[in-house]
Each structure stands twice: as C-alpha cells, then as structure tokens.
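S.K.: One structure, pasted below without further comment.
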Amino acid sequence: MKTVSLRTFEDKLDKSAPQASAKRLPIRVTSPDGNDFVVVSAAEWSQQQETLHVLQSMDLMQQIATSLETHQQSQG
Numbered sequence: 001m002k003t004v005s006l007r008t009f010e011d012k013l014d015k016s017a018p019q020a021s022a023k024r025l026p027i028r029v030t031s032p033d034g035n036d037f038v039v040v041s042a043a044e045w046s047q048q049q050e051t052l053h054v055l056q057s058m059d060l061m062q063q064i065a066t067s068l069e070t071h072q073q074s075q076g
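End of the sequence shown sits at 76 in the UniProt record's numbering; the numbers just go up one at a time, nothing left out.
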C-alpha cells in the first residue's frame, strides 16, 4: 500500500484520487495528528464489503464448503 503525507495528498489530489480508482490500489494518508486514513476506489470498497458479508454468513460459508467438497470429489 502506498503511503503519503496529508500535505502531499492534498497537493496532488488531482493525481492521487484517480490513481486509487484506476489501479484499485489503496493509499494510506498519514496525518500529523495521528488520524491517518485510507483512500480506496468505490469498486474496491464494494468488493471488500461483499467479502466481509460472505465471511460473516455461516450459511454462505457452508455453501462454499459444500461446493468445494463437491468440486474436489469430481476431480479425484
């Protein structure tokens, strides 16, 4: 993950934001007061939220496990 200071991020906002979006690479922005934050594209954020939802759902995790087991049986 790329890390930049808040000052650098502000100075280069016109380049930093599109870079985070186009390359789907998060940017950590460090702040002098310690309130750092991360800039991610909307697509990346959505994907992470979906992944968290799946991982927190026992029903979905069971479906994945069953599917993996079925797939492995047909491969062997």
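Note that the Cβ used here is the ideal one computed from N, Cα and C, for glycine as well.
Just so you know, these numbers come straight off a predicted model, no measurement behind them.
Are the beta-carbon atoms belonging to Thr3 and Arg24 less than 8 Å from one another?
M.R.: No.
S.K.: For the alpha helix (DSSP H) that contains Lys15, what are its first and last residues?
M.R.: Start and end: 13-22.
S.K.: Below 8 Å on the Cβ atoms is my contact criterion, and I expect Met61 with Leu55 to pass it. Report the Cβ-Cβ distance as a whole number of Å.
M.R.: Met61 to Leu55, Cβ: 7 Å. Contact.
S.K.: Could you pull the start and end residues of the alpha helix (DSSP H) that Val54 belongs to?
M.R.: Run containing Val54: 42-56, per the alpha helix (DSSP H) assignment.
S.K.: Please state whether DSSP places Ser5 in a helix, a strand or coil.
M.R.: Residue state, collapsed to three classes: strand.
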